[in-house]
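Down below is the structure, laid out as structure tokens.
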Ligand SMILES: NC(=O)c1ccc[n+]([C@@H]2O[C@H](COP(=O)([O-])OP(=O)(O)OC[C@H]3O[C@@H](n4cnc5c(N)ncnc54)[C@H](O)[C@@H]3O)[C@@H](O)[C@H]2O)c1
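Numbering (my numbering), first residue to last: 4 to 330.
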């Protein structure tokens, strides 16, 4: 049993979503007392079924991180707070910049203010994104790589990181930010292709559709399986240094087209087709991304354990069984 979380009171914002709910399952299995708050906004991955099996062990609150009064109440008495709530689509952030700022900026500031007032001793983890880096100059990417985001989403994730660092340095609150690369696995939303692309492709393949690949699909990505993400979060909760930002990733250099091939091969249906990049996408293309994870490895020994092929297999098994809850 992980002594860091056993018997601890834990709040997960965005806890009905993909990453938050998987974290909730892990925390409950390790003896934590878990509260989930989620606004269940229709465009994102909040799904009650994600908490299937632990619904009796988790307090579920339907609410918004932008609600200061609610946050004041929810953070009080918590030992650890995992902040997964977000506007997650970098694509939508272009057309809805104020919504993105409202949730990814002000929403997180609201949580931090509540923590400062009512839970100053809590450890707080923030889910940031590889998109905080923007255009990639050299790979593997270290945490001190320049941060010049190409999307409103990336700009506001960086803003969030700065808030968390500020609260660590100014108020002594224990905060950590984690830059997540491309996550995939069970409980990922499959409603649209605006984020969590592996999930969308699994759905397309399962429906026997054609998967569109922009360009030659040679861009490298760091596809990180959900269990590895949760493990990294737990290890950083225990050993991460306050005020710091950590990359997580796999060391696997997987081309986009190879990810699609892995999905199609595992599902056993669906095809792929190359099409030219649409104009609006190309502007956001970061170039190859592979995380340098030596910083987290040095303090925790954490390394990703699940190769893409195995992760896709587990994911497809999950959706074959639970498809009706996701599309
Ligand atoms: N999925 C990705 O591709 C990806 C990549 C890098 C980082 N991240 C980050 O990881 C975190 C978790 O994302 P996910 O992949 O689990 O997505 P998700 O959509 O499955 O989960 C996000 C959850 O936040 C909830 N939420 C949104 N706005 C809220 C608000 N104002 N108040 C309360 N709840 C709210 C949603 O209802 C949803 O359940 C996010 O911070 C996201 O930015 C995701």
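We treat Cβ as the ideally placed atom computed from N, Cα and C, and that holds for glycine.
Query                                                                                                              : Result
Residue 12 in three-state terms, based on DSSP                                                                     : strand
Residue 63 beta carbon near ligand 1 (any heavy atom closer than 7 Å)                                              : no
Cross-strand partners of residue 137 (DSSP beta bridge)                                                            : 151
Beta carbon of residue 48 nearer than 8 Å to that of residue 192                                                   : yes
Option nearest residue 34 by Cα separation, candidates 44, 58 and 6                                                : 6
Cβ-Cβ distance between residue 150 and residue 136 below 8 Å                                                       : yes
Distance between beta carbons of residue 14 and residue 40, contact taken as under 8 Å                             : 7 Å
Simplified DSSP assignment, three categories, for residue 226                                                      : strand
Selected residue, minimal CA-CA separation from residue 27, among 58, 184 and 262                                  : 58
N- and C-terminal bounds of the beta strand (DSSP E) containing residue 184                                        : Counting along the chain, residue 184 falls outside any beta strand (DSSP E), and DSSP gives it neither H nor E.
Beta-carbon proximity check, residue 53 vs residue 19, cutoff 8 Å                                                  : yes
For residue 269, the first and last residue of its enclosing alpha helix (DSSP H)                                  : 259-270
Coarse secondary structure for residue 283, derived from DSSP in three states                                      : helix
Contact the region 240-257 vs the region 269-280: 3+ CB pairs below 8 Å                                            : no
Beta-bridge partners of residue 294, as assigned by DSSP                                                           : 144
Nearest neighbour of residue 301, chosen from 264, 86, 249 and 318 [CA to CA]                                      : 249
Buried versus exposed, by CB contacts within 10 Å (16 or more), residue 21                                         : buried
From 80, 273, 289 and 308, residue whose alpha carbon lies closest to that of residue 208                          : 273
Outcome for residue 221 when other beta-carbon atoms lying within 10 angstroms are tallied against a minimum of 16 : exposed
Rounded separation between residue 42 and residue 114 - CA only                                                    : 14 Å
The region 199-208 contacting the region 305-320, beta-carbon criterion three pairs below 8 Å                      : yes
Any non-hydrogen atom of ligand 1 within 7 Å of residue 185 CB                                                     : yes
Environment of residue 38 [buried if 16+ CB atoms lie within 10 Å]                                                 : buried
Residue 311 Cβ short of 7 Å to ligand 1 heavy atom set                                                             : no
Cβ neighbour criterion (16 or more within 10 Å) applied to residue 103                                             : buried
Cβ-Cβ separation, residue 75 to residue 121 (assumed contact under 8 Å), whole Å                                   : 6 Å
Residue environment, residue 211, which counts as buried when at least 16 other CB atoms sit within 10 Å           : exposed
For residue 154 and residue 134, believed in contact at Cβ under 8 Å, the rounded distance                         : 6 Å
Those residues which DSSP pairs with residue 65 across a bridge                                                    : 41
Length of the line joining the Cα atoms of residue 231 and residue 252                                             : 9 Å
C-alpha distance - residue 156 paired with residue 29, whole-angstrom precision                                    : 28 Å
Burial state of residue 177 (16 or more Cβ within 10 Å)                                                            : buried
Separation of residue 188 from residue 44, as counted between CA atoms                                             : 21 Å
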